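K.L.:
Sharing a structure, written as structure tokens. Questions coming.
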Amino acid sequence: MVEIRWHSRAGQGAVSGAKGLGDVVATTGKEVQAFALYGSAKRGAALRAYNRISDEQIFNHAKFMHPDFVLVIDPALAFSDSITENEKDETKYIITTHLSKEELIAGIPELQGKEDRVFTLDCVQISLDTIGRSMPNSPMLGAFVKMSGMFELDYFLENMKRVLSKFPQKIIDANMDAITRAYNEVK
Amino acid sequence: MAEKYDLQDREVWDGNFAASQALRQAQVDVVAAYPITPSTPIVENYGSYVANGYIDGEFVMVESEHAAMSGCIGASAAGGRVSTATSSQGFALMAEVLYQASGMRLPIVLNVVNRALASPLNVRGDHADMYLGRDSGWIQVGAFNAQEAYDLALCAFKIGENHDVRLPVMVHQDGFITSHTAQNVYPLTDEIAYNFIGDFKAVDDMLDFSRPVTYGAQTEEDWHFEHKAKQHKALMDSRPIIDEVFSEFEKLTGRKYNRVESYNMEDADVAIVALGTTVETARVAAEQLRKDEGIKAGVVAIRCFRPFPFDEVRNALENTKCVAVTDRSSPGGAMGAFYNEVSAALYTTANRPLVTNFIYGLGGRDFSIEEAKRIFTEQQAHADAGHITTDIQQFSGLRGPHLGFFQTKRG
């Protein structure tokens with residue numbers, strides 16, 4: 002079982018990101034779960050979204066988890082939300098930031114000593130460059146594909162095109178660019 | 018004719034989407050709805066299927082849930098296949114009309130996405146609304162995940178519309194935990210799903226002008242009691258038909274449903290009895306305890322809340338030593354209603370297991386595997402001592418000091 006926790010603000014697409022990821026993972030024959038904790042949150046409010054991925058049917062419906070991956074798609078939430086909550090010794094962090102990894106960790110005491118498990122990229126800038134607006138969920142998916150090693154980039158892109166098929170071609174292409182760039186830039 | 022909908026063998030759907038796809042495949046004629054969180058997407062999707070030509074049906078916008086169920090009653094009495102969805106306050110406002118639907122024996126399918134009742138206002142899942150419907154004369158079946166929300170919605174039409182049943186059916190799923198959680202769902206093709214349910218065959222439809230009928234007549238002490246007795250008997254007699262429909266569904270899909278589901282119960286000493294998603298979380302806990310600590314833990318789940326499966330509950334639990342019955346609804350100054358019903362069944366067994374009551378998960382409070390394991394372990398301690406060693410009713414997952422009531426007089 003792989004468990005993932007997304008930290009996001011309402012409107013940044015963590016829920017769609019989690020559902021999109023679930024959709025693609027399901028095509029590999031795995032069982033998935035994607036859900037979010039937002040209640041009646043307004044745009045901009047902090048929220049968390051979650052994925053579970055397993056070879057067998059997922060029976061656990063609790064929100065509680067010890068995440069294997071923490072995906073932070075809002076730069077400020079890395080500082081203000083408890084992103085290390087319920088972490089394990091091997092929890093990996095992928096954080097969107099315009100800072101260098103060293104600068105980021107210097108500002109977040111909870112991440113110190115975990116340098117080899119923290120990975121960064123600027124999902125906001127990548128989405129501005131490719132999609133034309135701040136939509137950091139797509140780039141985060143590219144970064145996750147790279148760091149999890151769960152699938153080949155091409156396989157993920159092919160299936161993501163199907164998930165996005167109701168959108169105009171221009172938007173699909175922009176998302177593919179965003180995912181690919183993030184895959185190459187995360188470190 | 019309806020447009021073809023593009024469907025994969027394996028979809029990733031949340032419970033709401035799954036339920037709305039069942040309504041599409043059933044080709045529901047009329048949905049009268051007043052949307053409410055968290056069930057909104059069910060009727061919203063139905064509306065979009067109608068607008069885009071995927072259903073040859075009608076979406077009726079109304080001014081309240083009371084009007085929504087009233088509209089459904091009118092459409093059902095007129096002779097159509099009818100469904101809607103609601104939650105919480107909407108369900109409460111519908112309550113008066115629920116009794117009208119069942120009294121008139123109209124096979125409406127109501128998708129209830131369970132949510133807490135205010136006050137305080139809360140949009141998340143508990144079973145307060147489901148409990149509110151338990152004496153309303155409807156058949157009530159419960160899904161534990163999105164796949165089941167889809168499967169049971171299909172079964173609901175076939176059960177309710179059976180001419181030997183002719184009762185409305187509620188299909189329950191947990192607000193957010195099922196309704197907004199996307200999971201793998203394996204749908205049937207449109208053709209297989211529709212043929213499973215079959216064409217709607219009206220009984221005494223009001224639009225048959227050659228044979229005028231009256232719905233909702235008044236009866237006083239002369240006949241009201243007989244009507245109500247007949248309605249109760251119809252609910253009781255629906256049990257074998259529900260079993261038949263589940264058995265036909267198994268032949269079609271391999272997915273077997275039972276009015277009472279038992280997991281790891283063959284040799285269980287201790288059991289959790291639950292409704293909804295909690296069933297599956299407790300199953301994980303039972304498996305872990307068996308493997309790691311040798312505790313013979315099992316889970317009994319009520320699939321069919323009404324008619325209440327009194328016999329099957331006894332069969333499933335009579336050989337256990339201690340049973341925890343979990344109520345996800347504020348008991349309002351009593352033991353949990355579900356606890357009372359299970360206890361009543363177990364009181365008539367020779368073995369009479371110890372039975373405790375946990376109130377948990379109100380307003381969407383998380384229920385974890387760890388908490389389920391704690392409850393199992395506590396039941397094992399009661400079993401070892403031969404009597405209940407804690408308060409009989411306890412609150413699980415509550416912040417602040419322990420809250421519990423009543424102690425055993427046995428042992």
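Protein chains in written order, with this note's numbering: chain A, 2 to 188; chain B, 18 to 428.
Note that beta-carbon positions come from the ideal geometry of N, C-alpha and C, so glycine has one too.
Just so it is clear, the structure is predicted and the values come from calculations on it, not from any experiment.
(1) Evaluate the contact criterion for the stretch 330-349 of chain B versus the stretch 372-388 of chain B: three or more CB pairs, one atom per stretch, below 8 angstroms.
(2) What does DSSP give as the partner residue(s) for residue 269/B in the beta ladder?
(3) For the structure I just gave you, are there three or more beta carbon pairs, one from the stretch 30-39 of chain A and one from the stretch 47-56 of chain A, closer than 8 angstroms?
(4) Assign residue 103/B to one of two classes, buried (16 or more other C-beta atoms within 10 Å of its C-beta) or exposed (fewer than that).
(5) Are three or more beta carbon pairs between the stretch 177-186 of chain A and the stretch 138-146 of chain A nearer than 8 angstroms?
(6) Taking the CB atoms as reference points, tell me whether residue 175/A and residue 132/A lie closer together than 8 angstroms.
(7) Got a sec: is the Cβ-Cβ distance from residue 138/A to anything in chain B below 8 angstroms?
(8) Should the stretch 208-220 of chain B be called in touch with the stretch 143-160 of chain B, which here means at least 3 C-beta pairs below 8 angstroms?
(9) Using only alpha-carbon positions, find the residue among 127/A, 25/A and 44/A that is nearest to residue 154/A.
(10) Counting only beta-carbon separations shorter than 8 angstroms, does residue 35/A have a partner in chain B?
(11) Taking the CB atoms as reference points, tell me whether residue 97/A and residue 68/A lie closer together than 8 angstroms.
(12) In the stretch 47-64 of chain A, which residues sit with their C-beta less than 7 angstroms from some C-beta in chain B, listed in chain order?
(13) Which runs of the beta strand (DSSP E), 3 residues or longer, sit entirely within the stretch 19-43 of chain A?
(14) When Cβ atoms are compared, which residues of the stretch 73-93 of chain A fall closer than 8 angstroms to chain B?
(15) Would residue 287/B and residue 411/B qualify as a contact pair, given that the criterion is a beta-carbon distance under 8 angstroms?
(16) Are the beta-carbon atoms belonging to residue 70/A and residue 173/A less than 8 angstroms from one another?
(17) Mind listing, in chain order, the continuous beta strand (DSSP E) runs of no fewer than 3 residues lying wholly within the stretch 255-302 of chain B?
(18) For residue 191/B, which three-state DSSP category applies?
(19) Rounded to a whole number of angstroms, what is the C-alpha to C-alpha distance between residue 377/B and residue 326/B?
(20) Return the residue from the list 42/B, 90/B, 83/B and 84/B that minimises the CA-CA distance to residue 70/B.
(21) Give the DSSP-derived three-state secondary structure of residue 244/B in the structure shown.
(22) Do residue 185/B and residue 119/B have their C-beta atoms closer together than 8 angstroms?
(23) Answer with buried or exposed for residue 343/B, where buried requires no fewer than 16 other C-beta atoms within 10 angstroms of its C-beta.
(24) Applying the criterion that 16 or more other CB atoms from any shown protein chain within 10 Å of the CB defines a buried residue, is residue 345/B buried or exposed?
(25) Beta-carbon separation of residue 198/B and residue 163/B under 8 angstroms?
(26) Counting C-beta neighbours from all protein chains within 10 Å, is the total for residue 268/B 16 or more, i.e. buried, or is it exposed?
P.N.:
In this structure, then:
(1) yes
(2) For residue 269/B, which the question treats as bridged, DSSP gives no partner whatsoever.
(3) yes
(4) buried
(5) yes
(6) yes
(7) no
(8) no
(9) 25/A
(10) yes
(11) no
(12) 59, 60, 61, 62, 63 and 64
(13) 32-38
(14) none
(15) no
(16) no
(17) 277-280 and 287-291
(18) strand
(19) 23 angstroms
(20) 42/B
(21) helix
(22) yes
(23) buried
(24) buried
(25) yes
(26) exposed
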